[in-house]
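Inspection log for the structure reproduced underneath, given as structure tokens.
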Amino acid sequence: MAGFFATFSGVLFLAVYTFYDGGFFSAAMPWFPILPLFAVFYAGIRPGLFIGGLVILDLVFLFYCHQVGLVPIAAVDIERFSLIYLISISAVLILLLSMSSMYVNWQKALQQELLIANEAKNEFLSGVSHELRNPLTSILGFSESLAQGYAGVLNERQAKYNKNIGDSGKHLLTLVDGLLDISKIESGKLETTLAGVDINQLYLRVKSLFEKSIRRKNISLQLAVDDTLVDKAILLDEMKIKQVLINLVSNAVKFTPQGGNIKLYASTADKKLVLRVCDSGPSIPSEFHERVFDRFFQVHSSTDSKDPGTGLGLAISRSFVEMHDGRLFLESGSDNIGNNFTCELPLRVSSE
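Just so we're aligned: the sequence shown equals residues 945 to 1296 in the working numbering.
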């Protein structure tokens, strides 16, 4: 409030002083534009707007008084005018520089606080994720043992409950792993390790992970690797790109209806490696094409409501691709059928 009252008093003083000091020809005129800025900086936006409005009203009043001859025009004392004008300009410049310096220092302090808070958050996520992962692994291990009959044969009701425990545990473990990856990405502790990768073999390994899922939904999963990539080792971080493909294919399997089809393409274009995952599920609306890569964002679908996912897979995938100086984007198929996720990576062929 002190800043507001100071600027308010300043406006009133200037209004009277400039009126009797020649109006628009007063040496104190340079103070008018600085007062609203002072109010914004020290009192806030609303007080600043209020002071700005008062300044405008005062200037309009002075203009009117000049037009009707109400301003007392005295003989100008050049020495006095020059001195007051010099003092006014110098004071305004000093005030502007000090405000700018304070603003820059405040921004730096705020950025430092944000960095510290972000580091603390990442350390917390990393620590909690590790602490949660160990008991979760034990829970899943015991659930698997029960399912395999190591503690005796389960009746139908017990088997159902045990399956729910296992499914929920796997979902939570996926979320924990996702949070762990996010914290590593944000903290810069995750690095890429490039090595020669056979794209065709990589696709085959990814496909083998989904054999049971596609068989259960009667989905056709086809691979198409361009001849230019046959018998070539492409420099990639295999673990990260494999995880990207797993995330994309997992989403495709989840949202592709019974009897649908999924295709994995690999080709080269303009010195880029192009990996594409296309499905025949419902198209994601164009307004969500960027938002699907936001953390925890999910496009709801009635196709498979039993597995809502974590909302982290695509965000992590894009981060992994960007770590390769590539890009990951989504395009929809025609007639609201199908989604095409395209991953473009620099084409680096291993010499080994």
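The beta carbon of each residue, even a glycine, is placed where N, CA and C say it ideally should be.
Everything numeric in this text was worked out from a predicted model, so none of it was measured.
For my contact list, residue i and residue j are in at a C-beta cut-off of 8 Å; report their separation, rounded to the angstrom.
i	j	result
I1212	V1221	This sequence places Thr at residue 1212; Ile is not what is there. So it is not a contact: roughly 17 Å between Cβ atoms.
Y1147	A1196	Actually they do not touch by this definition, with Cβ atoms about 14 Å apart.
G966	V1015	7 Å
F1264	V1188	5 Å
F985	M1043	5 Å
A972	D1002	That belief does not hold up - the Cβ atoms of A972 and D1002 are roughly 12 Å apart, past 8 Å.
N1191	L1258	7 Å
V1141	E1182	5 Å
G1255	F1240	4 Å
L979	T951	5 Å
L1167	L1208	5 Å
Give me the Cα-Cα distance between residue i and residue j, rounded to the nearest whole angstrom.
i	j	result
I1028	A1053	37 Å
S1032	P974	6 Å
K1186	V1150	7 Å
N1106	S1278	42 Å
S1164	G1203	7 Å
Q1051	S1194	43 Å
L1134	M1046	36 Å
V1048	L981	15 Å
P1201	R1271	28 Å
R1077	L1041	53 Å
S1131	M1267	13 Å
N1284	N1144	19 Å
S953	L1123	54 Å
Q1242	F1007	59 Å
R1235	V1004	49 Å
H1233	G988	38 Å
G1085	G1282	37 Å
Q1092	L1117	21 Å
N1108	V1120	18 Å
F957	L1058	41 Å
N1205	G1110	28 Å
H1010	R990	30 Å
R1101	K1161	25 Å
V1293	T1286	20 Å
D1223	G1096	42 Å
Closest by CA to residue i, which one among the options?
i	options	result
S1112	G1257, Y1094, I1083, N1099	I1083
V955	I1000, A987, R990	I1000
N1062	S1127, V1048, Q1092, H1115	S1127
T1137	R1101, V1236, I1178, G1122	I1178
I1228	N1205, S1261, R1239, F1199	F1199
E1231	D1125, L1274, I1190	L1274
H1115	R1101, A1139, L1080, K1104	L1080
T1172	N1280, K1215, S1026, V1120	K1215
V1072	R1160, I1260, D1125, R990	D1125
A1139	L1090, S1295, E1288	S1295
F1025	F968, F1068, K1065, I1038	F968
D1269	N1280, E1288, S1276, F1068	E1288
For residue i and chain B, any beta-carbon pair shorter than 7 Å?
i	result
I1031	Absence of chain B from the displayed structure is noted, only one protein chain being present.
Mark residue i as exposed unless 16 or more other C-beta atoms lie within 10 angstroms of its C-beta, in which case mark it buried.
i	result
E1075	exposed
S1246	Below a pLDDT of 50, predicted positions are generally treated as unreliable, and S1246, at 42, falls in that range; the measurement from the model is reported next regardless. Exposed is the call here.
K1184	buried
R1262	buried
Y964	exposed
L998	buried
I1060	exposed
P977	exposed
L1153	exposed
F1012	According to the sequence displayed, residue 1012 carries Val and not Phe. Exposed: under 16 other Cβ atoms inside 10 Å.
P1290	exposed
V1169	buried
I1158	buried
S970	buried
L993	exposed
L1030	exposed
I995	buried
Point to revise | Length at least 4, wholly inside the segment 956-1019: the alpha helix (DSSP H) runs in chain order | key: 975-987, 989-1012
**Study point:** Start-end ranges of the beta strand (DSSP E) lying completely within the segment 1094-1159, minimum 3 residues
**Key:** 1139-1142
Check your understanding: Which full runs of the beta strand (DSSP E) of 3+ residues lie inside the segment 1185-1239, going along the chain?
Key -> 1205-1213, 1216-1226
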